[in-house]
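Written out below as structure tokens is the structure these notes cover.
Residue numbers (full-length UniProt numbering), protein chains in the order written: chain A, 1 to 242; chain B, 1 to 242; chain C, 1 to 242; chain D, 1 to 242; chain E, 1 to 242; chain F, 1 to 242.
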């Protein structure tokens, strides 16, 4: 194991500065700017009456999500997906992850036949855009549910306990929390964890493209990720005034 | 002519509050948040080496632009163009207008064989998104050209005099400047003017879908638009510290 | 100002020879071949029962337009848009212009819940294809409305006063009317004017990609365009036997 | 076999009136309007330097074709393929047939590394659009080859003997030549024949969607089709002044 | 005529070994693996309630087909059509041929308002994939109709007499039956014949891209094809236990 | 915890019967049919000279993968992605997973500038298609690498230790290995594990859409998955004759 310290001087198990700004824009029911260091994502929750066909007449609602990067979000500008007429596999994959994760934060049976559409648009990318998206989307979701309840549209309490997400990884053999782009691109292993308040997992995705990982390393990564998620959930609750 | 006053209490020839924030994000060479009242557009200018095929070996550079709305920018969420696999005609039309307009602000022969890509992404829409885009894009362009000159990439001085854009319209017979969505949607006539510092026109587009307009009314709209553009150019120069 | 005369010997404010042939094909309700010099456009008006969703149960009709170039219409053959699976921005832009313009020639509230679909297909292109399209489409529209009235489908009188369109431009400092491709490609300024009989404007679009223009020049271009539109309206009325 | 006479009074083995107009438009190297009764197709032949990748450095040329219908060509307007972003299977199938057929009329080894692009755009459809396209395309091809030879671009003689195409069918048990839409839509069997001058076949396609056919009926259809093709080839040669 | 014998030692009018395996997969109502030598196609028939819009309330059913090649079916891997977002003309053409052909094997009026969807997916390609597809699809169709009858969904007897398909061609002047890829790619003429039991034709398609063909050669090719189809129909019946 | 036994009578930690058939088709360098119970996937490995642009002149090779379902693979037929012109997010996600996983089984620096393209086409789906794909793809990869070495194309030894993949899940509180569709669709938690011989992880993906999971449950699922992967690797080695 080589001598190693993080570029930005953080401890191995330390998050980047987190900022959650509610009411970032005014048209959607919920609109949040979430920042994990230099990563900035605009997360909105829009409410539409009705549900997709496969949920029709189920009495339940639905929640879906779309993730995208603005073309100028990255260091090298990326072609705009709408102009290419094709959505990249990576975009699809993250959109699906965000949707699955946030469905674990909502009781669809309490939502009535309404659909919540989450949009996570990355304004600036510096690693961890999917985990920031999930973390910010929960806050936007909470605001949108409050709007629905104010309007008297939902009978019950659809909002479940907070969920948050963070990445962990192994760099030169060291387990690190919340990787910026610089670290992410050279990590041996990359693990994304979505956790509910209390410590249960919603989703874990660990990938070892530049190296494999054993049970022990997985355990260490889950430890720092759990710590990170707890801190993020605290930040969510502070932002929501809970 | 009916009795008429503007919802937000502005004078007929008064702009909405204008804010221009440079360095809004840090990856692109130029990145500006421009606000015309509640309309907010992120305008970035990215620089790429090389030029499109039709400019190859011309010794000249190129400038192109893409305009888009985030799906949650509008009151009712709009479907994401990338997911539909199709760009709407309106999006194409405005992208082309922004590109044409900004090419009037740059001397391509002084740019070397480099391409400047402008991206105007509407975060929040309340009328005038295309004119705000053009106005903000000039500032992003100026910053990007400065970066190019610092890097020693451009031999000459590619940046020309400022251009800005504003809308004018006729509502219940009254000529009004800088229409928000509420006014725009019920205007009889809608005129978008792109002007260079000094008063010459780069582009004018007048449309009378809900009513026609005569030479005299055109003249009045051009008068207020010229006044608006001058004020916007002053705001651009203040933002740039010129 | 350099010495200048037009390639085809026309006066500066003179139209190219105009021909309007009704009944060019027999399937659509209205079918017109319009020729501005060597520019030839087939303009058809088809009638469909029913209206798009956003007009449903409004009691009103709708009118929409599509413009396209045959691949062999231009000097250099252009790729077929259907084969590329993408419609170019320019095509979208002109389709939208034609639709907006012709909606100013029809009273939708008198049309019943019917849709008129205009198709402007350029068989041969030599500049001014969008203005020829608008001019020809009015005649096709008039024929289609007559068919509707014959069939007793429309209760009222949906057809409004004639509209026509023409281009003007500035070449080497000279204001010229109705530019063929040769002139158009080197014009400093290009103005397209859609005018109703009587002189009111439906739409004006002025672009100065190779040079700017002042109020005075705009005035001169509007003067020649107005003269051109009046002559085109006379040709439309002659063709219609009015 | 029921009593049967053709709607337009033609004999069973009689072609509709055929008209071939050369020089229909002026930009392509060859441009022909071909009419089989009310079916009208604009056939053009454009020449491009170079060949597709699979022919590169072969010393040979290439010929390809695209067939399309204008949306207003049919009785009921059809959606524009470019707007749907998809080309229909029928369109693909006919484009491929036209290309294959006309490649039998050209000696690619005598063409140099040039590509001839044929476009067959149906202005008005009344049955037999694919056979009219092939018949007209040969004349456009002949004109284009003459242009190439005038320019001194082709070393040898790429044009081979004329080919023409016609449909035959069985209606109520009667073999008929050159079916208009009305007949085609109720024919039991439909046969398209592409023939070279002299009587050899380039392509035959017989389909019995509403009924099968035996060897004897096939023979009768081939007889009338051969007669029709001979007459069409005579018309081609007359049009070409051969 | 040069001295010629077939690579695999077959007689000129001899089929490759034919194998038809029913129940190849278990989810579709009918599932057949058909092999013509090394050509292997999985043919399935799926049943869906309801019919396409143009058949609604007709009391009749519908049958449609899709043909495709797996990307690794050919010697050189071909790009996957779904990833390119475009279906090739050849694929469309064959899908349409299979659908038309099999509609001749079913009495739609006896099917009720049900749709049979045939899928012919080529696992391994060695020439004759379209004829193998048609031949195998009939067996899958027969199995699917039996399922429908068992379920009591169809009132009558929708299945008509067997159809089969085979290719014939001319190689170095010799008429050959059932061409593998090696022979197909150098054949002067290629004929595909779809025949019903008893000898009537459903479809014939003859193409002479590398050479023309006369009436006599056509006759010889039809002779061997008829012999081949008869043998294939015998194999279908054996597989079905008829 | 309710009383629970598996439908097919398997023990909780028991795999379905596994079959691996090499040389399933003959055109690709490697071609394998892999069966996990009723799930059947054709996995092929094709070799192409050259590498994608981002690997050019790196001296290294590349490996990529595409996963797809045949439309009739599932109980209800699914629309063909090529016909819709769009690849589903799920398809993209799995293709990416297969590619990432198999890149962990190959040393790209030993491959020369060659690309290995894996295709996993699901012939019949009954749960676990992605894990069967990965498991089968390793065997196809091994065969393809052997072909490359035979041809003398690769200098070194690109093939690394075997990898295999299996699913685990929690059903009514019970941890189960290798879930068929029936179980998968009602599992509370679903975990896919890709493991290298020896026990290190290549990728883990755990999702709790119908319920969350704690550290202990994760541990139990990893235990059975590790056991399953070991058995699969033994089956791979047996198939390869190692």
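A virtual CB, placed ideally from N, CA and C, is assigned to each residue, including glycine.
Helix, strand or coil at residue 78(A) [DSSP, three-state]:
Translated into the one-based positions of the first chain, residue 78(A) becomes position 78. In this structure, residue 78(A) counts as coil in the three-state DSSP scheme.
Of the choices 130(E), 141(E) and 158(E), whose alpha-carbon is the least far from that of residue 205(E)?
Position 205 of the fifth chain, counted from the start, is the residue given in the question as residue 205(E). The shortest C-alpha to C-alpha distance from residue 205(E) to any of 130(E), 141(E) and 158(E) is the one to 130(E).
Can you tell me whether residue 241(B) is buried or exposed? The criterion is at least 16 other CB atoms within 10 Å of its CB, across all chains shown.
Taking the second chain and counting its residues from 1, the one referred to as residue 241(B) is at position 241. It counts as exposed.
In three-state DSSP terms, what is residue 151(E)?
On the fifth chain, position 151 is the one that residue 151(E) refers to. Here residue 151(E) sits in coil by DSSP.
Across which residues does DSSP place residue 62(E) in a beta bridge pair?
The sequence position of residue 62(E) within the fifth chain is 62, counting from 1. DSSP lists 115(E) as partners of residue 62(E).
How is residue 7(B) classed by DSSP in three states: helix, strand or coil?
Position 7 of the second chain, counting from 1, holds the residue named residue 7(B). In this structure, residue 7(B) counts as coil in the three-state DSSP scheme.
First through last residue of the beta strand (DSSP E) which encompasses residue 207(A):
Residue mapping note: residue 207(A) aligns to position 207 of the first chain, counting from 1. From DSSP, the beta strand (DSSP E) with residue 207(A) extends over 201 to 207.
Anything in chain B within Cβ reach of residue 87(A), meaning under 7 angstroms, just list it in chain order.
In the first chain, residue 87(A) corresponds to position 87, counting from 1. The answer, in chain order, is 82 and 83.
Which two residues bound the contiguous alpha helix (DSSP H) that contains residue 217(F)?
If you number the sixth chain from 1, residue 217(F) lands on position 217. First-last of the alpha helix (DSSP H) with residue 217(F): 215 to 240.
For residue 94(A), which residues of its own chain have a beta-carbon under 6 angstroms away from its beta-carbon, when the five flanking residues on both sides are left out?
By 1-based counting over the first chain, the position of residue 94(A) is 94. 67 and 130.
Determine, using beta carbons only, whether residue 213(C) and residue 189(C) come nearer to each other than 8 angstroms.
Sequence index remark: in the third chain, residue 213(C) carries index 213 (1-based). Sequence index remark: in the third chain, residue 189(C) carries index 189 (1-based). Between residue 213(C) and residue 189(C), the C-beta gap is smaller than 8 angstroms, which places the two residues in contact.
Could you check what DSSP says for residue 184(D) in three-state terms: helix, strand or coil?
Here residue 184(D) corresponds to residue number 184 of the fourth chain, with the count starting at 1. In the structure shown, residue 184(D) sits in a helix (DSSP, three-state: H, G or I).
Starting from residue 214(F), find everything on chain A with Cβ-Cβ shorter than 9 angstroms and list it in chain order.
Translated into the one-based positions of the sixth chain, residue 214(F) becomes position 214. 199, 200 and 201, listed in chain order.
Contact set between residue 117(F) and chain A, taken where Cβ atoms lie within less than 8 angstroms:
Walking along the sixth chain from the start, residue 117(F) turns up at place 117. Within 8 angstroms Cβ-Cβ: nothing; residue 117(F) doesn't reach chain A, min ~15 angstroms.
Any C-beta of chain E sitting closer than 8 angstroms to the C-beta of residue 195(F)?
Looking up residue 195(F) in the sixth chain gives position 195. No, because no Cβ of chain E sits closer than 8 angstroms to the Cβ of residue 195(F).
For residue 226(A) and residue 187(A), what's the separation of their Cα atoms in angstroms?
Taking the first chain and counting its residues from 1, the one referred to as residue 226(A) is at position 226. Taking the first chain and counting its residues from 1, the one referred to as residue 187(A) is at position 187. A direct Cα-to-Cα measurement between residue 226(A) and residue 187(A) gives close to 19 angstroms.
Looking only at its own chain, which residues have a Cβ that is under 7 angstroms from the Cβ of residue 112(D), when we skip the five neighbours before and after it?
Sequence index remark: in the fourth chain, residue 112(D) carries index 112 (1-based). Answer for residue 112(D): 61, 153, 154 and 155, listed in chain order.
Could you run through the segment 87 to 115 of chain F and flag, in chain order, every residue whose CB is less than 7 angstroms away from some CB of chain A?
Within the segment 87 to 115 of chain F, those residues whose Cβ lies closer than 7 angstroms to any Cβ of chain A are, in chain order, 89, 92, 93, 95, 96, 100, 103 and 104.
Indicate whether residue 168(F) and residue 224(F) have their beta-carbon atoms separated by less than 8 angstroms.
On the sixth chain, position 168 is the one that residue 168(F) refers to. On the sixth chain, position 224 is the one that residue 224(F) refers to. In terms of Cβ geometry, residue 168(F) and residue 224(F) form a close pair [threshold 8 angstroms].
Whole-Å CB distance - residue 122(E) paired with residue 18(E), under 8 angstroms assumed:
Position 122 of the fifth chain, counted from the first residue, corresponds to residue 122(E). Position 18 of the fifth chain, counted from the first residue, corresponds to residue 18(E). With a Cβ gap of about 16 angstroms, residue 122(E) and residue 18(E) do not count as contacting.
Contact with chain E by residue 218(D), beta-carbon distance below 8 angstroms
The residue labelled residue 218(D) in the question sits at position 218 within the fourth chain. Using a Cβ-Cβ cut-off of 8 angstroms, residue 218(D) counts as an interface residue toward chain E, since at least one Cβ of chain E sits closer than that to its own.
What first and last residue would you give for the alpha helix (DSSP H) that runs through residue 95(A)?
Residue mapping note: residue 95(A) aligns to position 95 of the first chain, counting from 1. Residue 95(A) -> alpha helix (DSSP H) spans 89 to 103.
Tell me whether the beta-carbon of residue 48(E) lies closer than 8 angstroms to the beta-carbon of residue 114(E).
Along the fifth chain, one-based indexing puts residue 48(E) at 48. Along the fifth chain, one-based indexing puts residue 114(E) at 114. Yes; because the gap between Cβ atoms is below 8 angstroms, this pair is in contact.
Please determine if the segment 127 to 145 of chain E and the segment 22 to 32 of chain E are in contact, where contact requires at least 3 C-beta pairs separated by less than 8 angstroms.
The answer is yes - the segment 22 to 32 of chain E touches the segment 127 to 145 of chain E, with three or more Cβ pairs under 8 angstroms.
Quick one: give me the first and last residue of the beta strand (DSSP E) that residue 243(A) is part of.
Here chain A comprises residues numbered 1 to 242, so residue 243(A) is not present and cannot be evaluated.
What do you get for residue 54(E), buried or exposed, if any count of 16 or more other CB atoms within 10 angstroms of its CB means buried?
Here residue 54(E) refers to the residue found at position 54 when the fifth chain is read from its first residue. The residue in question, residue 54(E), is exposed, as its Cβ has fewer than 16 Cβ neighbours within 10 Å.
Would DSSP call residue 143(C) helix, strand or coil?
Residue numbering aside, residue 143(C) sits at position 143 when the third chain is read from its first letter. DSSP places residue 143(C) in the helix class (H, G or I) of the three-state scheme.
If contacts are defined as beta-carbon pairs under 8 angstroms, then residue 117(D) and residue 46(D) qualify, I think. What distance do you get, rounded to the angstrom?
Numbered from 1 along the fourth chain, position 117 holds the residue referred to as residue 117(D). Numbered from 1 along the fourth chain, position 46 holds the residue referred to as residue 46(D). In this structure, residue 117(D) and residue 46(D) form a Cβ contact; the two beta carbons are roughly 5 angstroms apart against a cut-off of 8 angstroms.
Applying the criterion that 16 or more other CB atoms from any shown protein chain within 10 Å of the CB defines a buried residue, is residue 136(C) buried or exposed?
Taking the third chain and counting its residues from 1, the one referred to as residue 136(C) is at position 136. When all chains shown are included, residue 136(C) counts as buried.
DSSP state of residue 167(D) mapped onto helix, strand, coil:
Against the fourth chain, residue 167(D) aligns to sequence position 167. Strand at residue 167(D).
If you measure from the beta carbon of residue 17(B) to each beta carbon in chain A, is any gap under 8 angstroms?
Residue 17(B) sits at position 17 when you count from the first residue of the second chain. Among the CB atoms of chain A, none fall inside 8 angstroms of the CB of residue 17(B).
Using a Cβ cut-off of 7 angstroms, pull out every chain E residue sitting near residue 207(D), in sequence order please.
Residue mapping note: residue 207(D) aligns to position 207 of the fourth chain, counting from 1. Neighbourhood of residue 207(D) in chain E, by CB distance below 7 angstroms: 100 and 203, in chain order.
Put residue 131(C) into one of helix, strand or coil per three-state DSSP.
Sequence index remark: in the third chain, residue 131(C) carries index 131 (1-based). Residue 131(C): helix per DSSP, three-state reduction.
Just the chain E side, please: which residues come within less than 8 angstroms of residue 25(F) by C-beta, in chain order?
Residue 25(F) sits at position 25 when you count from the first residue of the sixth chain. Correct list: 40, 72, 73, 123 and 124.
Straight-line gap, residue 174(E) to residue 12(E) (C-alpha atoms, nearest Å):
Walking along the fifth chain from the start, residue 174(E) turns up at place 174. Walking along the fifth chain from the start, residue 12(E) turns up at place 12. Rounded to whole angstroms, residue 174(E) to residue 12(E) spans 8 angstroms at the Cα level.
Looking at chain D, is there any beta carbon in it that lies within less than 8 angstroms of the beta carbon of residue 46(C)?
The residue given as residue 46(C) occupies position 46 in the third chain. Answer yes: the Cβ-Cβ gap between residue 46(C) and chain D drops below 8 angstroms somewhere.
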